[in-house]
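A.B. asks: Please see the structure below; I have some questions.
In my numbering, the protein residues as written are 2 to 257.
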């Protein structure tokens, strides 16, 4: 981690910590968007693959906290069983797609990150959802899980599509928060193991990922207080505006 910090100014380090605090806060308040905010912000001061590595360990821990907060282990297991096909597809594709990160140019990674962030944030912001019939649920689980897994393996981002899918299925709010914790946590574990193989998570980047745990959990704790007291939908709309700006910034960097 020394060489990473040696290449950064003090303001860049402070900026990275601030971004991580904000990401944890939004995660605590809405149940998602931690990887998107972290990788969008950190990629402005770090190479894309280092930004992805930095979010892996805190993402695992924050989602474990989220999954168990709404009813404990029993409730989390019951929720996961309802979506086992989606979860299996997501994890399998993350393993495959994660091996492509190191082979892609920085510009391509920025565009692959920025485009989905903007598009999915706009879809969620518009309030639109896609109705899925019970007979088509299995096919939808595989298709959406594969797309989310590809984005997750490549960019560490599988949250927005998962949230949109659960919304289309009219998942109750508490179960959705708990379930996203399970899905995002399992995905983060697989992503971490895959990037140990790809080389993105290594002796230099792993300490940075551990370093980011504290600001994420502090931010998440404060965000949980907001989730418990304020209208979640209004706050989610505000965070989506922020995500659109972050995604457009990544697209700008990819095109320049």
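Each residue gets a CB set at the ideal place from its N, CA and C atoms; glycine is no exception.
1) Using a threshold of 8 Å, state whether the C-beta atoms of residue 22 and residue 219 are closer than that.
2) Please report how far the alpha carbon of residue 202 lies from the alpha carbon of residue 246, in whole angstroms.
3) Determine contact between the stretch 79-92 and the stretch 47-67, defined as no fewer than three beta-carbon pairs at a distance below 8 Å.
4) Helix, strand or coil, according to DSSP, for residue 151 in the structure here?
5) Taking residue 251 and residue 111 to be in contact with their CB atoms under 8 Å, please state how far apart those CB atoms are, rounded to whole angstroms.
6) Using the C-alpha atoms, what's the distance from residue 194 back to residue 77?
7) What residue range is occupied by the uninterrupted alpha helix (DSSP H) comprising residue 228?
8) Taking a contact to mean a Cβ-Cβ separation below 8 Å, would you say residue 59 touches residue 160 in this structure?
9) If you draw a straight line from the alpha carbon of residue 162 to that of residue 151, how long is it in whole angstroms?
10) Let me know the alpha helix (DSSP H) ranges lying completely inside the stretch 20-49, each 4 residues or longer, listed in chain order.
11) Below 8 Å, how does it come out for the stretch 184-194 and the stretch 61-76: are there three or more Cβ pairs, yes or no?
12) Hey, which unbroken runs of the beta strand (DSSP E) at 3 residues or more fall wholly within the stretch 171-201?
13) Alpha carbons only, please: which of 142, 46, 244 is nearest the one belonging to residue 120?
14) Just tell me which of 57, 62, 135, 114 has its CA closest to the CA of residue 155.
15) Would you kindly work out how many angstroms separate the C-alpha atoms of residue 237 and residue 212, rounded to a whole number?
16) Give the range of the alpha helix (DSSP H) segment to which residue 166 is assigned.
17) Classify residue 253 as buried or exposed, calling it buried when 16 or more other Cβ atoms lie within 10 Å of its own Cβ.
18) Would you mind giving the Cβ-Cβ distance between residue 89 and residue 223, rounded to the nearest angstrom? I have them listed as a contact below 8 Å.
19) With a Cβ-Cβ cutoff of 8 Å, do residue 143 and residue 86 count as a contact?
20) Can you list, in chain order, the residues of its chain whose CB lies under 7 Å from that of residue 225, leaving out five sequence neighbours each side?
21) Figure out for me which residue from 180, 190, 256, 249 has the closest Cα to the Cα of residue 33.
C.D. replies: Checking against the coordinates, here is how it stands:
1) Stepping through the chain shown from its first residue, residue 22 is reached at position 21. Stepping through the chain shown from its first residue, residue 219 is reached at position 218. Yes, the pair counts as a contact, with Cβ atoms nearer than the cut-off.
2) On the chain shown, position 201 is the one that residue 202 refers to. On the chain shown, position 245 is the one that residue 246 refers to. Spanning the two alpha carbons is a distance of roughly 28 Å.
3) Counting Cβ pairs under 8 Å, fewer than three are found: no touch.
4) The sequence position of residue 151 within the chain shown is 150, counting from 1. Helix at residue 151.
5) By one-based count along the chain shown, residue 251 stands at place 250. By one-based count along the chain shown, residue 111 stands at place 110. Correct: roughly 5 Å between the Cβ atoms.
6) Here residue 77 refers to the residue found at position 76 of the chain shown. Here residue 194 refers to the residue found at position 193 of the chain shown. Near 22 Å, if we compare the C-alpha coordinates of residue 194 and residue 77.
7) Translated into positions along the chain shown, residue 228 becomes position 227. Run containing residue 228: 214-230, per the alpha helix (DSSP H) assignment.
8) Within the chain shown, the letter at position 58 stands for residue 59. Within the chain shown, the letter at position 159 stands for residue 160. Judged by beta-carbon spacing, residue 160 lies beyond the 8 Å limit of residue 59, meaning their Cβ atoms are not closer than that value.
9) Taking the first residue of the chain shown as position 1, residue 162 is located at position 161. Taking the first residue of the chain shown as position 1, residue 151 is located at position 150. Here the C-alpha atom of residue 162 lies approximately 11 Å from the C-alpha atom of residue 151.
10) The stretch 20-49 contains these whole alpha helix (DSSP H) runs: 35-43.
11) A contact exists between the stretch 184-194 and the stretch 61-76.
12) Complete beta strand (DSSP E) runs here, min 3: none at all.
13) In the chain shown, counting from the first residue as 1, residue 120 sits at position 119. When each option's Cα is compared against that of residue 120, the closest is 244.
14) In the chain shown, residue 155 corresponds to position 154, counting from 1. If we check each option's Cα against that of residue 155, 114 comes out closest.
15) Position 236 of the chain shown, counting from 1, holds the residue named residue 237. Position 211 of the chain shown, counting from 1, holds the residue named residue 212. Cα to Cα, the separation comes out at about 27 Å.
16) Numbered from 1 along the chain shown, position 165 holds the residue referred to as residue 166. That run of the alpha helix (DSSP H) goes 160-169.
17) Taking the first residue of the chain shown as position 1, residue 253 is located at position 252. Around the C-beta of residue 253, fewer than 16 other C-beta atoms lie within 10 Å, and the residue is accordingly described as exposed.
18) Here the question's residue 89 lines up with position 88 in the chain shown. Here the question's residue 223 lines up with position 222 in the chain shown. That belief does not hold up - the Cβ atoms of residue 89 and residue 223 are roughly 34 Å apart, past 8 Å.
19) Position 142 of the chain shown, counting from 1, holds the residue named residue 143. Position 85 of the chain shown, counting from 1, holds the residue named residue 86. A contact, by the Cβ cut-off of 8 Å.
20) Within the chain shown, numbered from 1, the residue matching residue 225 stands at position 224. Beyond the five residues adjoining it in sequence on each side, residue 225 comes within less than 7 Å, by CB distance, of 29 in the same chain, given in chain order.
21) As a position in the chain shown, residue 33 is number 32, starting the count at 1. That would be 180, whose Cα lies nearest to the Cα of residue 33.
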